[in-house]
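Take the position in the sequence shown, starting the count at 1, then add 28; the result is the number in the working numbering. Each remark here refers to the structure printed beneath this line.
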Amino acid sequence: MINHEQRVDIDVHDMRLLEAIQDGLPLVPRPYAELAQQLGMGEREVTARLSLLQMKGVIKRFGVVVRHHELGYRANAMVVWDIPDQQVETIGALFGAFPFVTLCYRRPRRLPVWPYNLFTMIHGRDRDEVLLRVRELVAACGLDGVTYDVLFSRRRFKQRGAHYGIGARDGDPRSQRFGIS
Numbered sequence: 029m030i031n032h033e034q035r036v037d038i039d040v041h042d043m044r045l046l047e048a049i050q051d052g053l054p055l056v057p058r059p060y061a062e063l064a065q066q067l068g069m070g071e072r073e074v075t076a077r078l079s080l081l082q083m084k085g086v087i088k089r090f091g092v093v094v095r096h097h098e099l100g101y102r103a104n105a106m107v108v109w110d111i112p113d114q115q116v117e118t119i120g121a122l123f124g125a126f127p128f129v130t131l132c133y134r135r136p137r138r139l140p141v142w143p144y145n146l147f148t149m150i151h152g153r154d155r156d157e158v159l160l161r162v163r164e165l166v167a168a169c170g171l172d173g174v175t176y177d178v179l180f181s182r183r184r185f186k187q188r189g190a191h192y193g194i195g196a197r198d199g200d201p202r203s204q205r206f207g208i209s
């Protein structure tokens, strides 16, 4: 089992590999061979390192970033919930099991102005579909009477996979933080 609290040691080659895949794999017939060539490694070394990084829990999975708006999902909302602290873990796990919940995470409350401690992202073809999904969560998880707010997005400025400051590009100040040259 992976211990998510434990720091994992990785070397400069792993860091370079992680940086190379942050924007996705090359869209070529042999993406790992392409990465290997870019990094001066063998293809087997690339796949072995990626497998080890996955086993260590550094890489959870490989996926695709879908631009939902282009698929007709025109409404999305961050739904913020004021869940009793003793129930957050349970409710968070329940929310995460719903296929229409794309993000679910706990954040600290900022009382007295911000009572919310659980956040979910829900996408829909329109606002009514998103609101229907919110009501579905309330009913399925027994949350009648729980305070929540639905914060619809108004404009998309950026959408991409996450980047984690592991860059080693020339002039990139993050390079020094990780001792990469």
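For every residue, glycine included, the Cβ atom is placed at its ideal position computed from N, Cα and C. This structure is a prediction, so every number in the text was calculated from the model and none was measured.
Of all alpha-carbon atoms in Q65, R163, R77, I87, the one lying nearest the alpha-carbon of V107 is that of R163.
With a beta-carbon spacing of about 18 Å, I111 and F128 fall beyond the 8 Å limit used to define contacts.
With contacts defined by Cβ atoms closer than 8 Å, L67 and L53 do not form a contacting pair. Taking a contact to require three or more Cβ pairs closer than 8 Å, the segment 88-107 and the segment 56-71 do not qualify as touching. Counting along the chain, the unbroken beta strand (DSSP E) around R134 starts and ends at 129-134.
For F123 against R135, the beta-carbon gap comes to about 14 Å, at or over 8 Å, which does not count as contact.
Counting only the Cα atoms, Y133 lies some 17 Å from V166. Contact between A103 and G170 does not hold, since their C-beta atoms are separated by about 26 Å, which reaches or exceeds 8 Å. With a threshold of 16 other beta carbon atoms within 10 Å, L78 meets it and is buried.
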